[in-house]
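Notes for the one structure printed next.
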Amino acid sequence: MIFVPFLSLIPALILAHTVLGPIGWTIGQGLSAVVLAGLTGPVKWLFGAIFGALYAPFVITGLHHMTNAIDTQLIADAGGTALWPMIALSNIAQGSAVFAYYFMHRHDEREAQISLPATISAYLGVTEPALFGVNVKYIYPFVAGMIGSALAGMLSVTFNVTAASIGIGGLPGILSIQPQYMLPFAGTMLVAIVVPMLLTFFFRKAGLFTKTEDDATLQEEFVAQEEAEFVSHEPVTFAPVEIVSPLAGQVKELSQATDPVFASGVMGQGLVIEPSQGELISPVNGTVTVLFPTKHAIGIVSDEGVELLIHIGMDTVDLDGKGFESLVTQGDHVTVGQKLIRFDIDVIKAAGLVTETPVIITNQDAYAATITGTYPTTIQAGAALMVATRI
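According to our numbering, numbering within the sequence shown proceeds without interruption in unit steps and concludes at 776.
Spelled out as structure tokens, the structure:
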């Protein structure tokens, strides 16, 4: 227990400091040089526009994480980074687009409950709820946000706005800006707020990029993939619904999740399980309404109407299905304890990803999670995990 881990770490440390470290440092310097050239070159405005437009798609694919290393290198090489301000502006732009969407649909209780929290989250630097909950789903707010971010990014680079450090994105991002650039950055923030809002209204009225919202067939597909309509899944009973653990492993509070989106509770209430075995079972009797092509996440609506999302690991979408095997298909009716997905824990860890798995109730307006345990604790698959109580 002592010598094996210690002796295993020695060659890894030597390799990291003598080979991998220098290689990583060289690559980092190269990327920093390329980005710095783009930010200071004769067409830096074009670089700013392109980066501003593409940052939101980077977030969708997970590639945005690489910008942290580039920012750090720029701060070390140039004493500041002009990249971070554009990231904060992209957060604001996507948040503004979803806020405009909220304003147009504020009388639709379902849409309002999704879009308003997503707006707040984006303005505070976490855009995933806005992107996946509204903007990418309906396209036109996403495009409006990209255009607004591109214009704001172009102006930010043109005025040489520089951040002293990286920090919280969105509106609080101004706190990272060097004092002499705070005023021009405030101007670019205004652009990132106003332009996406106006474009979202315009696109909706003109019918541009709005096919997914107007196409009834596509709308039905989205409903089946995300959350069941209230009418389709009205609870047949108001009795509390017991949810069993879909995994064996260690349970901890949702707030302890490494992913800030899940930890914030904006996606739903629940718990996080660190699995000890690579087999996922159904926690309820219900219907599989969502099964991602990469098999890393599954959504189930219980027979009583409780909507559950189980997300195996963090950023495991990047594995593109490697190490995952689905034993059911979307639309299947499943029973408590039925095997749903097999996954290889070693494959996930070998990719440098964590295996912690959130189990959350997503229709928070209809059901609340009643959690009475003391955490962290260990649990067996099929053991009582929490209770969903009708609100």
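Beta carbons: idealized from backbone N, C-alpha and C, even for Gly.
Worksheet item: Cα separation between Ile477 and Leu421?
Response: Numbered from its first residue, the sequence shown carries residue 477 at position 92. Numbered from its first residue, the sequence shown carries residue 421 at position 36. Rounded to whole angstroms, Ile477 to Leu421 spans 24 Å at the Cα level.
Worksheet item: Who are the Cβ neighbours of Ile460 in its own chain at under 7 Å, not counting the five residues just before and after it?
Response: Taking the sequence shown and counting its residues from 1, the one referred to as residue 460 is at position 75. Cβ neighbours of Ile460 beyond the five flanking positions: Thr466, Ser550.
Discussion item. Does the segment 517-524 come into contact with the segment 558-571, if we say contact requires no fewer than three beta-carbon pairs (one atom in each stretch) closer than 8 Å?
Written reply: Using a Cβ-Cβ distance cut-off of 8 Å, the segment 517-524 and the segment 558-571 are not in contact, since fewer than three pairs of beta carbons, one from each stretch, lie closer than that value.
Worksheet item: Relative to the alpha-carbon of Thr778, which residue among Gly447, Met771, Thr763 has its alpha-carbon at the smallest distance?
Response: Since the first and last residues shown for the chain are 386 and 776, residue 778 lies out of range.
Practice prompt. State the start and end residues of the unbroken alpha helix (DSSP H) segment that holds Glu710.
Written response: Position 325 of the sequence shown, counted from the start, is the residue given in the question as residue 710. In the DSSP annotation of this structure, Glu710 is not part of any alpha helix (DSSP H); the continuous beta strand (DSSP E) holding it starts and ends at 709-711.
Practice prompt. Within its chain, find whatever has a CB closer than 7 Å to the CB of Met699; leave out the 5 residues flanking it on each side and keep chain order.
Written response: Residue numbering aside, residue 699 sits at position 314 when the sequence shown is read from its first letter. Excluding sequence neighbours, Met699 sits near Thr643, Asp644, Leu738, Val739, Glu741.
Discussion item. Could you pull the DSSP bridge partners for Leu694 from this structure?
Written reply: Sequence index remark: in the sequence shown, residue 694 carries index 309 (1-based). Paired residues: Gly684, Ile745.
Discussion item. Between which residues of its own chain and Thr774 is the CB-CB distance below 6 Å, once the five residues before and five after are set aside?
Written reply: Indexing the sequence shown from 1 puts residue 774 at position 389. Pro625, Ala753, Thr755.
Fill in: DSSP-derived helix/strand/coil call for His492
As a working mapping, residue 492 is identified with position 107 in the sequence shown. The DSSP-derived three-state label of His492 is coil.
Worksheet item: Comparing alpha-carbon positions, which option in Val744, Ser687, Ile683, Gly533 lies nearest Gln715?
Response: Within the sequence shown, the letter at position 330 stands for residue 715. Considering only alpha carbons, the answer is Ile683.
Worksheet item: Quick one, are the C-beta atoms of Ala657 and Leu639 less than 8 Å apart?
Response: Working through the sequence shown from its first residue, we reach residue 657 at position 272. Working through the sequence shown from its first residue, we reach residue 639 at position 254. It should be pointed out that residue 657 corresponds to Val in this sequence rather than to Ala. Taking 8 Å as the Cβ cut-off, Val657 and Leu639 qualify as a contacting pair.
Practice prompt. Name, in chain order, the residues that DSSP records as bridge partners for Pro442.
Written response: The count along the sequence shown starts at 1 and reaches residue 442 at position 57. The bridge partners DSSP lists for Pro442 come to none.
Discussion item. Measuring straight from C-alpha to C-alpha, what distance separates Val449 and Val542?
Written reply: To locate residue 449, count along the sequence shown from 1; it is residue 64. To locate residue 542, count along the sequence shown from 1; it is residue 157. A small fix is needed here, since residue 449 is His in this sequence, not Val. So the alpha carbons of these two residues sit roughly 19 Å apart.
Worksheet item: What residues match up with Lys724 in a beta bridge as DSSP calls it?
Response: By 1-based counting over the sequence shown, the position of residue 724 is 339. Answer is Ile666.
Discussion item. Quick test of your reading: Gln654 and Ile746, contact by CB under 8 Å. State the CB separation rounded to the nearest angstrom.
Written reply: Along the sequence shown, one-based indexing puts residue 654 at 269. Along the sequence shown, one-based indexing puts residue 746 at 361. Sure, about 5 Å apart at Cβ, within 8 Å.
Worksheet item: Taking 7 Å as the line, does the beta carbon of Thr714 fall inside it for any heavy atom of the ligand ATP?
Response: Among the ligands in the structure shown, none appear at all, so the ligand ATP cannot be discussed.
Discussion item. So Ala766 and Ile685 are supposed to be a Cβ contact under 8 Å. How far apart are they, rounded?
Written reply: Stepping through the sequence shown from its first residue, residue 766 is reached at position 381. Stepping through the sequence shown from its first residue, residue 685 is reached at position 300. Ala766 to Ile685, Cβ: 15 Å. No contact.
Fill in: Touch test, the segment 494-504 against the segment 560-575, Cβ-Cβ under 8 Å, three pairs minimum
no
Worksheet item: If you draw a straight line from the alpha carbon of Ile435 to that of Ile733, how long is it in whole angstroms?
Response: Counted from its first residue, the sequence shown places residue 435 at position 50. Counted from its first residue, the sequence shown places residue 733 at position 348. Using only the alpha carbons, I get a separation of about 33 Å.
Discussion item. With a threshold of 8 Å between beta carbons, is Val691 in contact with chain D?
Written reply: Chain labels in this structure do not include chain D; a single protein chain is all it has.
Discussion item. Just verifying my parser: in three-state terms, what is the DSSP assignment at Gly426?
Written reply: Here residue 426 corresponds to residue number 41 of the sequence shown, with the count starting at 1. Three-state DSSP puts Gly426 in coil, outside helix and strand.
Discussion item. Could you compute how far the alpha carbon of His402 sits from the alpha carbon of Thr457?
Written reply: Reading the sequence shown from its first residue, position 17 is the one you call residue 402. Reading the sequence shown from its first residue, position 72 is the one you call residue 457. Rounded to the nearest angstrom, the two C-alpha atoms are 19 Å apart.
Worksheet entry | Residue closest to Gly437, alpha-carbon to alpha-carbon, out of Gly530, Met489, Val483 | The residue you call residue 437 lines up with position 52 of the sequence shown. Among Gly530, Met489, Val483, the Cα nearest to that of Gly437 belongs to Gly530.
Worksheet item: Is Met567 buried or exposed, if buried means 16 or more other CB atoms sit within 10 Å of its CB?
Response: Within the sequence shown, the letter at position 182 stands for residue 567. By the neighbour-count rule (16 or more Cβ atoms within 10 Å), Met567 is not buried but exposed.
Worksheet item: Under the rule that 16 or more other beta-carbon atoms within 10 Å means buried, what is Gly722, buried or exposed?
Response: If you number the sequence shown from 1, residue 722 lands on position 337. The residue is exposed, with fewer than 16 neighbouring Cβ atoms inside 10 Å.
Item to complete: Enumerate in chain order the residues of its own chain whose CB-to-CB distance from Gly725 is below 7 Å, with the five nearest sequence positions on each side excluded.
Response: Residue mapping note: residue 725 aligns to position 340 of the sequence shown, counting from 1. The question names Gly, yet the displayed sequence has Leu at residue 725. Result list for Leu725: Leu665, Ile666, Ser667, Ile683, Leu712, Val713, Val719, in chain order.
Item to complete: Could you name the residues of the same chain whose beta carbon sits closer than 7 Å to that of Ala537, not counting the 5 residues immediately before and after it, in chain order?
Response: As a first step, residue 537 must be located in the sequence shown, where it is residue number 152. The residues Gly437, Leu474, Ala478, Thr573, Val576, Ala577, in chain order, have a CB closer than 7 Å to that of Ala537 in the same chain once the five nearest residues on each side in sequence are set aside.
Fill in: DSSP three-state assignment for Met771, whether helix, strand or coil
Here residue 771 corresponds to residue number 386 of the sequence shown, with the count starting at 1. It is a strand residue.
Worksheet entry | N-terminal and C-terminal residue of the beta strand (DSSP E) that Val629 is part of | Working through the sequence shown from its first residue, we reach residue 629 at position 244. Start and end: 626-629.
Worksheet entry | Residues near Gly533 by beta carbon distance below 6 Å, same chain, minus five either side | Along the sequence shown, read from residue 1 onward, the residue named residue 533 stands at position 148. Within the same chain, and ignoring the five residues on either side of Gly533 in sequence, the residues whose Cβ sits closer than 6 Å to its Cβ are Ala478, Ala577, Val580, Pro581.
Worksheet item: What residue from Pro470, Glu627, Leu593, Asn545 has the CA that sits closest to Pro427's CA?
Response: As a working mapping, residue 427 is identified with position 42 in the sequence shown. Among Pro470, Glu627, Leu593, Asn545, the Cα nearest to that of Pro427 is on Asn545.
Worksheet entry | As assigned by DSSP and simplified to three states, the class of Tyr752 | Sequence index remark: in the sequence shown, residue 752 carries index 367 (1-based). Correct three-state label for Tyr752: strand.
Item to complete: Quick one: using the 10 Å Cβ neighbour count with 16 as the cut-off for buried, is Ala613 buried or exposed?
Response: Taking the sequence shown and counting its residues from 1, one reaches residue 613 at position 228. Confidence at Ala613 is low in this model, with a pLDDT of 46, below 50, so its placement is unreliable and the value that follows should be read with caution. Flag for Ala613 reads buried.
Worksheet item: Do you know offhand how far Met471's Cα is from Leu584's?
Response: Position 86 of the sequence shown, counted from the start, is the residue given in the question as residue 471. Position 199 of the sequence shown, counted from the start, is the residue given in the question as residue 584. Going from the Cα of Met471 to the Cα of Leu584 covers about 19 Å.
Item to complete: Please state if the CB of Thr452 and the CB of Val483 are separated by a distance shorter than 8 Å.
Response: The count along the sequence shown starts at 1 and reaches residue 483 at position 98. The count along the sequence shown starts at 1 and reaches residue 452 at position 67. Val483 is not a Cβ neighbour of Thr452, given a cutoff of 8 Å.
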